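Here the structure is laid out as structure tokens; the discussion comes afterwards.
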Amino acid sequence: MEFEVLGALRVRQAGGAVALGSRAQRVLLTVLLVHAGTVVSTDRLIQALWGEEPPPTALRTLHSHIARLRGALHADGVERLHTRPPGYLLDADVLDAAEFARLLGAARDADPERARHLLDAALALWRGPAYAEFAELDAVRPEADRLGALRVEAVEERFEAALAADRRDGLVAALQAHVAEFPVRERPVGQLARALYRDGRQAEALAVLRALRERLDAELGVEPSAPLRALEVAVLRQDPTLTAVVRVRGLPLPETGLIGREAELAGVVAGLAEHRVLTLTGPGGVGKTTLALHAAHGSGLSAAWCEFAPLTGDAVVQAVATAVGARRQPGTGLVDSLLALLAERELLLVFDNCEHVLDDAARLVTAIVRTCPRVTVLATSRATLGVPGEWLHPIPPLGLPDSPEDDTAPAVRLFAERARAVRPGLELDRANLRHIAEVCRRLDGLPLALELAAARVRVLNPADLAARLAARTDPLGAAGARSLRAVLDWSYALLGPAEQRLFARLSVFHGEFGADAAATVNGALALDPLTALVDNSLVTVAESAGATRFTMLETVREYGAGLLGRRGEAAAVLDLHAAWFTELAERADAGLRGPDEAHWYAVVTADLDNLRAAHRHTVAAGDTDRALRLSAGLALAVLYRFPDEVVAWGETALTLPGAPAHPRYPAVCAAVGEALTFGGEHDRALAVADAALAPLPPAAAERMPLLKIRAAVALYQGRLDECGTATAELLTLAEHCGATWYRAEALLFAGLARSYAGHPADGLALAERNLRAAADAGNPSLRAWALYNRAEALAVLDPPAALLGYSEVVALAATVYSVFAANVAHVGLAALHLREERIPEALDAFGAAVRGWRAMQVWHHQRTTLRALLPLLAGVAETEAALLLGALENGDPGFGADAEAVAPVAATLRAALGEVAFARARAQGSVLSREAVVDTALAAIRAGSNVPVPTLREG
């Protein structure tokens, strides 16, 4: 039974409405739904019906209304309304408000494209104001107001997702309407200003921001917040980060509609609700990948996509960890770290093309099934995985026509749509339909074969096409494989020599590639042959990273790889591929350190599959030079953006023959060491850095990234004098070498060390030098860190200026996906708000930091943040705070002020809860998983946010 309150009250069962009778019954049901799952007292229900002066017969009349309501809700034989002293309890099977909250929560953790779809689904649930009929009742108004506020938040999250995905169609108009409805809400005004600026309307963007400033002053007597003031400054400066768009890898969007697979799609989506492992099986070209993609989008689950075709077996776990954002935790292997993350998630994992790594995929899926109860796996494979609980869903070819004139058969529908895409005037008359039916039968209804054949309708009539296929049919082999091989052989034979050469050579690419990369493996620019391959549907076109990109379907790529091998060119072309992507990594290293950081992040992200393949080839070939250069080029991407997978490439490259003597060896050591530092493995990081430093002369430029590791570890461990020594050496060397990047990083650590040592004026002076060095580099992340450096000093010297500084860091870091800088700035904001007794703002900032560390899977920073949060929670969410205390005590102790701040919390909580309840909660917290600890912290933050501010301050 479905209960709908996002609009007028409505109850539905099996597609029909449930009659509720009188207004009194509807009021009672409304109040019970507000408190679904909890007992509502008879006194409260009487007050909802009659107010403060109920009639003498109120209790008897209430029982009568309850009896009628119970009967209406019991129509299907399921008891939902229970008598529970001192009142009644309602079990709501499906409540649209709960589904709305679930979708909104999932959108917050999703990439921008996925978030847009989730938010569209969430907002589509609304039919009007929440609890529309009875929203003014005292028992209903708070919940109606809460849901209304969440609806506004969801609308603004939808705008934010559109901005992040650079989806501009109708965005400005929608934002203008929203701002007109909520003229003093700062977030949509900022979103509108950003959207206008991206459309080249800088003057209008400034006008919007200034209009809000004037309105706030006139109506409320306040100034805009620090983030909005920072945005106005950025618009005035024409800051290039305002137009930067960062795309992250998520669930791909289907490139085409699904034709003739409606029943299969419904079956797969239904199967995902019933089975933990569902494998789509079938021959190459039958459409397994397309069906899986549509099913993932239609499942309603948060999903992660992992393409296995470019992988070897040992890379499966690394690739899945990359897809879901898992990092290897200190003292734990990557497999266990991945499983620990997934154990707490509700997620659909889509593993495509498992036949390439069948044994490794099966081992991982088996482990997931055993340890991750809320994870579902949807796999595509030409062979079964053979894991416990696997449900097989064979994908047949498309249905063939029952008669020569049948235009409704799925195979005919697909062929006709694809043919009309290249020849819009094609008529589906009786003669053409007869020949199309013959083509469909000749190709056994195999979708890929049909699409390749349909591309030929540009120059051939259906009759010619059928005749040529009849002449080329190979009587050997299984039907599907025979028909696909026949159409691929035929398509290849119709290509010219230059096109055949290019087609075979493009098979070395995995995922997307650009025209320049294609020219490299071909030996020359080949736009005409490439265009011919696109026209014949052997290569497809997509937009990615702001440029035209190309890709090949996996079945087509495999056919091309076979041709390349028979031509005897595979090794040479793979070398060309590896050379191109090694050089790309080196260009990306320079680009990621410059003003176009966001663009280069998108470029590297788009080419991750090809970088994987290049690394694999260089290692297999024993090409130490390219393996080290590629890993060194990705050093900056390793640190904050790509997790352990790319770090593992560097670790492998360091073991190749002759690696220690290579000039890029220290850079790869530094990349590995930085990743270890970032993950909290400080001793290992120092060991790697010290070993690489030992043979280097004092003036060697290669020392700089290694000295940075020494400085960072000393800072994190509170050894501030040692940090100062390391940064002094790094700064001297950077200035000697003219290395702006490392000069800025040296000044960053030097400034933070002085501020943390109790000398904020010295820290501020160093931060100003840091800002000048970052300006010389022009890099957004470097500038964000310099602003953070300054804000940390100003937090003591000038708190209002620090508030603006932290907000600038968050805004700037978001434009380039510099999540580490944003997270530490949120922690700084939280501490500053807390010191100034701005409790709601402090809780919001803490929540943003906790969610950020979770996304990055950086537990040691998460622990430090939670320790800082504990004293605040102790007065407003005592049980959750005690759980957190138990969890944080079950690990490494804090250091410095954090540990000292936590010490009195236990006494406070013991007094508030009592000895027994405190001990019980503390013990329960000590066995919580990391994900459960984070969930507990976020629940406590939400609970604290609902407590009135005076109460918080008193606590």
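Mapping of the sequence shown onto this note's numbering: residues -8 to 946, in sequence order. Backbone N, C-alpha and C define an ideal beta-carbon position, used for all residues, glycine too. Predicted model, so just to flag it, every value in this text is computed and none were measured.
Strand pairing of residue 270, partner residues [DSSP]:
370 and 383
Quiz item: Among the residues of its own chain, which have a CB less than 7 Å from the CB of residue 673, if the five just before and after it don't count?
Solution: 704, 707 and 708
Next item on the list: Identify, in the order they occur along the chain, each residue of the same chain with its Cβ nearer than 6 Å to the Cβ of residue 466, setting aside the five sequence neighbours on each side.
Entry: For residue 466, the pLDDT reaches just 34, beneath the cut-off of 50, and the residue's location in the model is therefore unreliable, although a value from the coordinates is still provided. Nothing meets the Cβ criterion.
Margin query: Measuring alpha carbon to alpha carbon, tell me which residue in 852, 864, 168 and 812 is nearest residue 835.
Written below: Relative to residue 835, the option among 852, 864, 168 and 812 whose CA is nearest is 864.
(request) Specify the secondary structure class of residue 345 as computed by DSSP and reduced to three states. (result) Per DSSP, reduced to three states, the secondary structure at residue 345 is helical.
*So what does DSSP say about residue 296, is it helix, strand or coil?*
strand
Integer-rounded CB distance, given that residue 626 should sit under 8 Å from residue 662
4 Å
Reduced DSSP category for residue 249 - H, G, I as helix; E, B as strand; rest coil: coil
Q) Less than 9 Å separating the beta-carbons of residue 684 and residue 697? A) yes
- request: Could you tell me which residues DSSP puts in a beta bridge with residue 30?
  value: 80
| Integer Cβ distance of residue 870 from residue 928, believed to fall under 8 Å | The pair is not a contact, with the Cβ atoms about 13 Å apart (cut-off 8 Å).
**Asked** In its own chain, which residues sit with a C-beta less than 7 Å from the C-beta of residue 900, not counting the 5 before and 5 after it?
**Response** 865, 869, 872, 873, 876 and 909
Three-way DSSP call (helix, strand, coil) for residue 302 in this model: coil
Next item on the list: Identify every run of the beta strand (DSSP E) within the stretch 166 to 242, keeping only runs that are complete inside it and at least 3 residues long; order them along the chain.
Entry: none
- Item | Nearest residue (CA-CA) to residue 841, options 740, 924 and 194 | 924
Give the secondary structure of residue 70 by DSSP, where H, G and I count as helix, E and B as strand, and everything else as coil. Residue state for residue 70 is assigned as coil, using DSSP reduced to three classes.
What is the residue span of the beta strand (DSSP E) that residue 832 lies within?
First-last for residue 832: 830 to 847, but that is the alpha helix (DSSP H), not the beta strand (DSSP E).
Around the C-beta of residue 918, are 16 or more other C-beta atoms found within 10 angstroms, so that it is buried, or is it exposed? Classification of residue 918: exposed, given that the 10 Å Cβ count is below 16.
*Touching by the beta-carbon criterion (3+ pairs, under 8 Å), the stretch 156 to 165 and the stretch 126 to 133*: no
On the DSSP bridge list, what partners appear for residue 8? DSSP lists 3 as partners of residue 8.
If you draw a straight line from the alpha carbon of residue 801 to that of residue 412, how long is it in whole angstroms? About 46 Å.
Which residue from 590, 530, 480 and 540 puts its Cα closest to that of residue 554? 480
Buried versus exposed call for residue 305 [16 or more other C-beta atoms within 10 Å across all chains shown]: Around the beta carbon of residue 305, fewer than 16 other beta carbons sit within 10 angstroms, so the residue counts as exposed.
Cα separation between residue -4 and residue 291?
21 Å
Element boundaries [alpha helix (DSSP H), containing residue -6]: No alpha helix (DSSP H) contains residue -6, which is instead part of the beta strand (DSSP E) from -7 to -5.
Tell me which same chain residues have a C-beta within less than 6 Å of the C-beta of residue -8, skipping the five on either side of it? 4 and 84
Could I get the ranges of all uninterrupted alpha helix (DSSP H) runs contained in the stretch 568 to 654, with 4 residues as the minimum, in chain order? 588 to 597, 599 to 611, 615 to 624, 626 to 631 and 635 to 644
Go through its chain and collect everything with a Cβ distance to residue 338's Cβ below 6 Å, but skip five positions before and after it. 293 and 366
- Taking the Cβ atom as the reference point for each residue, do residue 635 and residue 428 lie within a distance shorter than 9 Å? Their beta carbons are not under 9 Å apart, which means residue 635 does not touch residue 428 by this criterion.
Worksheet item: Within 10 angstroms of its Cβ, does residue 914 collect 16 or more other Cβ (buried), or is it exposed?
Response: exposed
_Per-residue DSSP class, three states only, for residue 414_ = Coil.
What would DSSP say about residue 118, mapped onto helix, strand or coil? coil
Which residues in the same chain as residue 561 place their Cβ atom closer than 7 Å to its Cβ, once the five residues preceding and following it in sequence are excluded?
555
* Asked: What is the DSSP secondary structure of residue 339, reduced to helix, strand or coil?
  -> strand
message: Quick check: the stretch 598 to 609 against the stretch 502 to 521, are at least 3 beta-carbon pairs closer than 8 Å?
response: Between the stretch 502 to 521 and the stretch 598 to 609 there are three or more C-beta pairs closer than 8 Å, enough to call the two in contact.
Original post:
Is residue 54 buried or exposed, if buried means 16 or more other CB atoms sit within 10 Å of its CB?
Top reply: exposed
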